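The structure under discussion appears below in the form of structure tokens.
Residue numbers (the working numbering), protein chains in the order written: chain A, 207 to 506; chain B, -4 to 801.
What follows is the structure, given as structure tokens:
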């Protein structure tokens, strides 16, 4: 049968403060409605039944992309996926989140879904989580008592669960300016481009010539929460990554280590063992691609 | 009550502005369908995956099923209806709306894969449901990666709203859990332990077993259970059963199609189908949700009908996607279709709305009908159907006075203890209103030139002798050799009329799809020997002795002859290799036949049958592949009836001679079950849009759309029985108890429960046979003891039940 939405009360605050007050004062189950692509789906499937929806899309100023003085970016939580996909500000300095946007769902979903929604939904395969982890992003959480900045690494604590308090709203994502030699990439493996990731990886390397001073490897869909593969990262720190055999062996070992640090489950889409293989493949490919990009730039 | 608060909203749709007051839980799509009556913008998956509901909102494409209507306030909405107004078929522009993202739907190995080394586009047909939409398969590197709608050939190509064929086929073809080699059971039946064996060992074992049983207990001791045909496998299995000499062959026809086919045959000589070559002025969907499930009147035709200002009547206990568009939605009590048609006939006859020429010159028995209808009370019809009398009258008047009118009955009227008389009365209604064999009405078909299935099944050479298993019961079933499942389970369990010791199942999952699953389970456990051919492990396969890995459509050359748009034949070319050691069912049966000593009636290679089937056309299979399809003819020969009298037989002496009521009578039509104190609700179900019957619960795309089995109740019923939306609630009948997840629906009658059919859980352990007892609606259904005397049908809709919190 068709599944319409369950019944609910609709509230439409026009400020963050009002939204937080409504969240704080709610006796019954309440949910925040941004793009709604995840929430409304769960509601139609009767797996989530909030009886009050707080539509935050009328709150002004939450969908802007702004450069700050230090060269970082502040992206409003209501920025749509398609706006991220199209933004020059994001693309030129932070390619990984833009690559994630480009492979998220369908055009219709991208026009509707938001960055804040993707993060607050806190799926193990949240597309933006791995890129933001590699960028050291922080999330502005606004509540009745004030605001706080939560590092991305601390934001998602379990599948579907974040550190947001009952009265808090995620209002902004801050991307700090990256050092000069930073290069990032996001790769997703899924059966179809529009499908949920079976495995995903974001990588960021900071290179001075062929010396890797820092590496960040963030993995998605292969653990309860997106996470950084710190052991794999450590293998790259301080290493020279030229085109020689030793470097290639190192990259391969890093890819295998990243796979070993994952603990994916078996589900309908894939077996865990296969997902681990995919992580090794994605990390290996991503590293080669980042190094290759540097080579091409240097040659040009 | 805060939940009921309405909000003001201004909607601008296709240039029209409307100020409305709406409940917040309505989506933009709900309003577009129900208030703006859009027919091309459809509800498919409901969760933004399929794109069927796409609209442009302030210049951006969005899925209107995920847009709360309040979010559309003041925005400019443009839909497919405006952009493709007047276009007859499915067009590239609509496809671009639904799938704007070129390539996003292609199944590929990696999102960052470089170019492929080989790619081709091949025209074929979807085999997932009876709609058989024409498609363009995209094959890359030996894998089917996508199935686009075929916009070139002029064949019907608008895929089901949910696109389940498009999503399912690439996933099943490459699924991680496909059965890849033959296996035999290790340990006790149902333990879930298997050992790989070779094809030779498998087929030799099966043949030896079957022949031994034939020698010791007669060929009838070996049974075949068949599901809905996709290609020639059904025909091969029937041919094998004939050559082997067993009448113990179960197919779904007893609860799907047999009743209405017989009804048509006895009324006007043969069954009829809706004429989709001409637009009717009115279309009735009776127990059929044609927007989603099809096999008859196409969704493209519904769209054209509504665009042309035609009328739509839907008879259904649920407000289906099709019902939402209807001019008249008849919300009948489940199971009361017979009482409803009696009332409608009464109005047509007594208000003299029938076609005079047809009745006076081309019918027999009209006076008897008129005389009997005097005894039918419209107030009693209202009481028995829960349909207000004035709606019964409106239905009758609209249908009888709007010409031409087409009417399609779906599964529901075929799944009642009085299905034959009910569909017979509906046939009479068609006939006396003069809608038979007129353009835009319901027409007989002239067969396309291919071998008759009955001939392929070798029914003349080896008369089936269904009487052996049926006695003198269910005479229509005897004629068609399509035995009801309960007859076979009885033969297995009670050895009545003879013992059945072994069974082979193809295309079917009886433990989930036959009524009374507990009884079916006992029967399957009692069999000495069971063989199942399958794509995946299922609850039925879990109880087998030998499981054979089946190749699927697109993995071998195939002909689809059943059911299509009634009696067409289609080429389903081989597109990819079958994985592992999978064999097509046709090959399995052909090779088994040889080992059974029946090679004289089979072939060296099963592919040879393809040419044989096409022989009457003068084409070989290879030639036919270019042509792709042969469709039946429609001659619109008015007043040519293949009955003994040459007329419409409202009263049939032939039926009387067979011992059945010659004309539908109120006492035979009014047989719906009544709620009781113990079971105060009536249970019905419907085909779930997301799946194909009991199949594909392990296909990720589909399981994402519908992860749980849902049961629906009116909010008042939920309050009355203290059950909460979102919770798993128990549904119980005299037969048993299951649980499904509760959703509340104000469009239902508060006395009705709509549960979902076909649920089992591939992720549960094999040793539990994949959770077949948890949510499977056939734990609740009876397998008798009341039967339709002519077809062996039982009532599967409108079963008294209760619900409670678990």
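Even glycine gets a Cβ: it sits at the ideal position worked out from N, Cα and C. Note that the structure is a prediction, hence the values are computed from the model and not measured.
If you follow the beta strand (DSSP E) that residue i is in, where does it begin and where does it stop?
i                      : result
residue 521 of chain B : No beta strand (DSSP E) holds residue 521 of chain B; the alpha helix (DSSP H) holding it covers 512 to 521.
residue 797 of chain B : 794 to 800
residue 348 of chain A : 344 to 349
residue 14 of chain B  : 11 to 17
residue 261 of chain A : 258 to 261
residue 803 of chain B : An answer regarding residue 803 of chain B cannot be provided, because it is not within the stretch -4 to 801 covered by chain B.
residue 705 of chain B : 705 to 708
residue 118 of chain B : 114 to 120
Using a Cβ-Cβ cut-off of 7 Å, state whether residue i counts as contacting chain B.
i                      : result
residue 313 of chain A : yes
residue 334 of chain A : no
residue 552 of chain A : No answer is possible for residue 552 of chain A: the residues shown for chain A start at 207 and end at 506.
residue 482 of chain A : no
residue 498 of chain A : no
residue 400 of chain A : yes
residue 264 of chain A : no
residue 248 of chain A : no
residue 224 of chain A : no
Looking at the secondary structure, which residues open and close the alpha helix (DSSP H) in which residue i lies?
i                      : result
residue 226 of chain A : 222 to 230
residue 537 of chain B : 534 to 537
residue 508 of chain B : 505 to 508
residue 471 of chain B : 470 to 475
residue 547 of chain B : Per DSSP, residue 547 of chain B belongs to no alpha helix (DSSP H) and is neither H nor E.
residue 441 of chain A : 436 to 442
Would you grab the beta carbon distance between residue i and residue j for me? Rounded to a whole angstrom, and I think it's under 8 Å.
i                      : j                      : result
residue 540 of chain B : residue 525 of chain B : 5 Å
residue 530 of chain B : residue 167 of chain B : 6 Å
residue 674 of chain B : residue 796 of chain B : 5 Å
residue 497 of chain B : residue 208 of chain B : 6 Å
Using DSSP with H/G/I as helix, E/B as strand and the rest coil, what is residue i?
i                      : result
residue 217 of chain B : strand
residue 169 of chain B : coil
residue 392 of chain A : strand
residue 789 of chain B : coil
residue 480 of chain A : helix
residue 20 of chain B  : coil
residue 251 of chain A : coil
residue 195 of chain B : helix
residue 342 of chain B : helix
residue 783 of chain B : coil
residue 385 of chain A : coil
residue 447 of chain A : coil
Do you know offhand how far residue i's Cα is from residue j's?
i                      : j                      : result
residue 773 of chain B : residue 503 of chain B : 14 Å
residue 58 of chain B  : residue 335 of chain A : 24 Å
residue 220 of chain B : residue 120 of chain B : 26 Å
residue 256 of chain B : residue 563 of chain B : 17 Å
residue 617 of chain B : residue 608 of chain B : 12 Å
residue 370 of chain A : residue 376 of chain A : 8 Å
residue 767 of chain B : residue 754 of chain B : 7 Å
residue 452 of chain B : residue 603 of chain B : 15 Å
residue 410 of chain B : residue 389 of chain B : 26 Å
residue 23 of chain B  : residue 1 of chain B   : 14 Å
residue 423 of chain A : residue 469 of chain A : 15 Å
residue 491 of chain A : residue 387 of chain A : 19 Å
Just checking: is the beta-carbon of residue i within a distance shorter than 7 Å of some beta-carbon in chain A?
i                      : result
residue 135 of chain B : no
residue 325 of chain B : no
residue 329 of chain B : no
residue 106 of chain B : With a pLDDT of 43 at residue 106 of chain B, under the threshold of 50, the modelled position of that residue is not reliable, and no figure is offered here.
residue 254 of chain B : no
residue 801 of chain B : no
residue 32 of chain B  : no
residue 121 of chain B : no
residue 55 of chain B  : yes
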